[in-house]
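J.:
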Amino acid sequence: MRKILAIDCAHGDCSAALGDGDEIVSEIDEQMERGQAERLIPMVRDVLKKAGASFADVDAVAVTTGPGSFTGVRVGLAAADGIALAAGLPMIGVSVLDVLAWKASRRFPETGKLCLILETKRDDYYVQCFENGAPTTEAAALTAAEIKPFVESGHVCAGNGVDRYAGENGGVPVCPVKMPTAGDVALFAASKQPRDAFPAPLYLREAEVTPCRK
Numbered sequence: 298m299r300k301i302l303a304i305d306c307a308h309g310d311c312s313a314a315l316g317d318g319d320e321i322v323s324e325i326d327e328q329m330e331r332g333q334a335e336r337l338i339p340m341v342r343d344v345l346k347k348a349g350a351s352f353a354d355v356d357a358v359a360v361t362t363g364p365g366s367f368t369g370v371r372v373g374l375a376a377a378d379g380i381a382l383a384a385g386l387p388m389i390g391v392s393v394l395d396v397l398a399w400k401a402s403r404r405f406p407e408t409g410k411l412c413l414i415l416e417t418k419r420d421d422y423y424v425q426c427f428e429n430g431a432p433t434t435e436a437a438a439l440t441a442a443e444i445k446p447f448v449e450s451g452h453v454c455a456g457n458g459v460d461r462y463a464g465e466n467g468g469v470p471v472c473p474v475k476m477p478t479a480g481d482v483a484l485f486a487a488s489k490q491p492r493d494a495f496p497a498p499l500y501l502r503e504a505e506v507t508p509c510r511k
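In this note's numbering, the protein residues as written are 298 to 511.
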């Protein structure tokens with residue numbers, strides 16, 4: 298079993314967890330728009346303490362790379378990098394959208410086609426479509442009008458932007474999964490291989506949806 302220390306600050310929260318294979322050993326998740334940089338490292342220490350573990354017991358550090366809050370993504374990546382350097386651990390960067398699709402497919406396996414809609418605090422949304430857990434479009438920042446064809450083609454919607462989208466555009470089929478936490482990140486990353494390069498942040502701007510590259 299691999300022990301993964303996971304961090305997520307991408308969407309108005311501060312979350313840390315320790316996973317061991319397919320089990321979440323310890324997790325703390327707090328909603329906060331500010332103060333993540335000051336809270337995160339003490340939170341990581343508390344997670345390890347609750348698990349009776351130390352950095353020496355950890356095999357890798359996983360962190361969400363976005364899309365999300367520019368500041369939150371930077372805070373998470375910087376903290377993960379600092380921990381990895383200090384403890385001599387490899388890093389695993391994961392997309393919030395990939396983790397959310399994995400979580401939704403795991404909890405609701407009957408949901409085939411997913412359209413993930415994340416809040417941007419702007420007029421648009423962060424969007425990516427999946428089928429049976431595999432991406433079918435690239436992640437992009439899309440308007441409500443650009444999302445509509447996916448809803449009309451039978452995609453079920455999930456993510457923390459669904460409520461706003463549905464409120465402005467009428468009812469949509471919904472999978473009741475809002476966002477992943479660090480615990481989900483730890484479980485998702487357990488099967489991923491660390492890379493030598495520093496994980497690149499995933500910042501999205503308005504773009505057309507394009508077919509996912511093979």
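For every residue, glycine included, the Cβ atom is placed at its ideal position computed from N, Cα and C. The structure displayed is predicted, hence computed values, not measured ones.
Does Met476 get closer than 8 Å to chain C when you measure Cβ to Cβ?
T.: Judged by its chain identifiers, the structure shown contains no chain C, having just a single protein chain.
J.: Short of 7 Å in beta carbon distance, which residues of its chain neighbour Asp310, apart from the five on each side in sequence? Order them along the chain.
T.: Around Asp310: Asp326, Glu327, Gln328, Met329.
J.: Can you tell me whether DSSP reads Cys412 as helix, strand or coil?
T.: Cys412: strand per DSSP, three-state reduction.
J.: Where does Val393 sit, in a helix, a strand or coil, going by DSSP?
T.: It is helical.
J.: By the three-class DSSP mapping on this structure, what secondary structure does Phe427 have?
T.: Looking at Phe427 - three-state DSSP - the assignment turns out to be strand.
J.: Just verifying my parser: in three-state terms, what is the DSSP assignment at Lys299?
T.: Here residue 299 is Arg; the residue named in the question, Lys, does not match the sequence. Of the three classes helix, strand and coil, the one that applies to Arg299 here is coil, per DSSP.
J.: In this structure, what does DSSP give as the bridge partners for Leu439?
T.: Leu439 pairs with Tyr422.
J.: So within the stretch 308-360, which uninterrupted beta strand (DSSP E) runs reach at least 3 residues, ignoring any that extend past its ends?
T.: Those beta strand (DSSP E) runs which fall completely within the stretch 308-360 and span 3+ residues are 310-317, 320-328.
J.: In this structure, what does DSSP give as the bridge partners for Arg492?
T.: According to DSSP, Arg492 bridges with Met388.
J.: When burial is assigned at 16 or more other CB atoms within 10 Å of the CB, is Asn429 buried or exposed?
T.: Per the 10 Å Cβ criterion, exposed.
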